[in-house]
Amino acid sequence: MRFTVEGPLLNQSSSCEPVLRALPDWFGIEEAIQAYIADMPALPTFLATFHGRVIGFLSLKQHNPHSAEITVMGVHPEAHRQGIGRALLEQAESYAREQGIEYLQVKTLGPSRPDKHYARTRAFYEAMGFRPLEEFTQVWGEQNPCLVMVKRV
Ligand SMILES: CC(C)(COP(=O)(O)OP(=O)(O)OC[C@H]1O[C@@H](n2cnc3c(N)ncnc32)[C@H](O)[C@@H]1OP(=O)(O)O)[C@@H](O)C(=O)NCCC(=O)NCCS
Numbered sequence: 000m001r002f003t004v005e006g007p008l009l010n011q012s013s014s015c016e017p018v019l020r021a022l023p024d025w026f027g028i029e030e031a032i033q034a035y036i037a038d039m040p041a042l043p044t045f046l047a048t049f050h051g052r053v054i055g056f057l058s059l060k061q062h063n064p065h066s067a068e069i070t071v072m073g074v075h076p077e078a079h080r081q082g083i084g085r086a087l088l089e090q091a092e093s094y095a096r097e098q099g100i101e102y103l104q105v106k107t108l109g110p111s112r113p114d115k116h117y118a119r120t121r122a123f124y125e126a127m128g129f130r131p132l133e134e135f136t137q138v139w140g141e142q143n144p145c146l147v148m149v150k151r152v
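Taking numbering that gives the first Met the number 0 as reference, the numbering of the sequence shown is continuous, increasing by one, and the terminal residue is 152.
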């Protein structure tokens, strides 16, 4: 698949919303989707496009001079496992390094709540060099253990 990656861009929520909505096994809670859509306009966002259609995206939030967070990323399910997530992350890491950022973090569902979909998410981040730091139940509650993963970029 000959996709292109562009970014960072601002104000990308409407172009990314269809990808979020195509991933109900990961983004199934309407309030969470609305929160991502509300946050995204101000966040540097990277887009993967194929024939003019957005098929993947990644948004970054810088927390301090040293670190930033992948607040949300997704690739359309029809296009999984074709290197799009890797390409988005490589462009985001390159931008982060240019900003002097040393660490990227991502919060995702932790392994203490078994979920086959998020097991794939964690496998992706681990393959990309992220390592699990700690699982917290104070972030999203006891039912949704939050695993913080980090990578030195
Ligand atoms: C996680 C996600 C962004 C990965 O995007 P992708 O384009 O499918 O991933 P890539 O093809 O770039 O994969 C890169 C590497 O990650 C690993 N990987 C990716 N998906 C994997 C899976 N399902 N199982 C195991 N390893 C996987 C592999 O090592 C892969 O390299 P390989 O295909 O050469 O073996 C995508 O699956 C997705 O949108 N998931 C749903 C939403 C989500 O989880 N978002 C993150 C929320 S925190």
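We put the CB at the ideal spot given by N, CA and C, even for glycine.
Values in this document were obtained by computation on a predicted structure and should not be read as measured data.
First and last residue of the uninterrupted alpha helix (DSSP H) at residue i
i	result
residue 58	It is not in any alpha helix (DSSP H) - residue 58 instead sits in the beta strand (DSSP E) that spans 52–63.
residue 104	No alpha helix (DSSP H) holds residue 104; the beta strand (DSSP E) holding it covers 102–108.
residue 9	That residue, residue 9, is in no alpha helix (DSSP H); it is neither H nor E in DSSP.
residue 34	29–38
Cβ-heavy atom distance, residue i to ligand 1, below 7 Å
i	result
residue 139	no
residue 22	yes
residue 120	yes
residue 3	no
residue 107	yes
residue 153	Outside the modelled stretch of the chain, which goes from 0 to 152, sits residue 153, for which no answer is possible.
residue 81	yes
residue 31	no
residue 112	no
residue 27	no
residue 147	no
Proximity below 8 Å, CB of residue i to CB of residue j
i	j	result
residue 37	residue 9	no
Between the CA atoms of residue j and residue i - distance to the nearest angstrom
i	j	result
residue 17	residue 79	15 Å
residue 108	residue 27	13 Å
residue 39	residue 11	7 Å
residue 59	residue 110	24 Å
residue 34	residue 21	17 Å
residue 82	residue 54	12 Å
Start-to-end residues for the beta strand (DSSP E) that takes in residue i
i	result
residue 149	145–151
residue 48	44–49
residue 67	66–74
residue 133	130–135
Proximity test, residue i beta-carbon vs ligand 2 heavy atom, cut-off 7 Å
i	result
residue 123	For the structure depicted, ligand 2 is absent and the ligand set comprises only ligand 1.
Next item on the list: Tell me, please, whether the segment 89–109 touches the segment 62–74 by the rule of three or more beta-carbon pairs shorter than 8 Å.
Entry: yes
Next item on the list: May I ask you to verify whether the segment 89–103 touches the segment 134–147, counting CB pairs closer than 8 Å and requiring at least 3?
Entry: no
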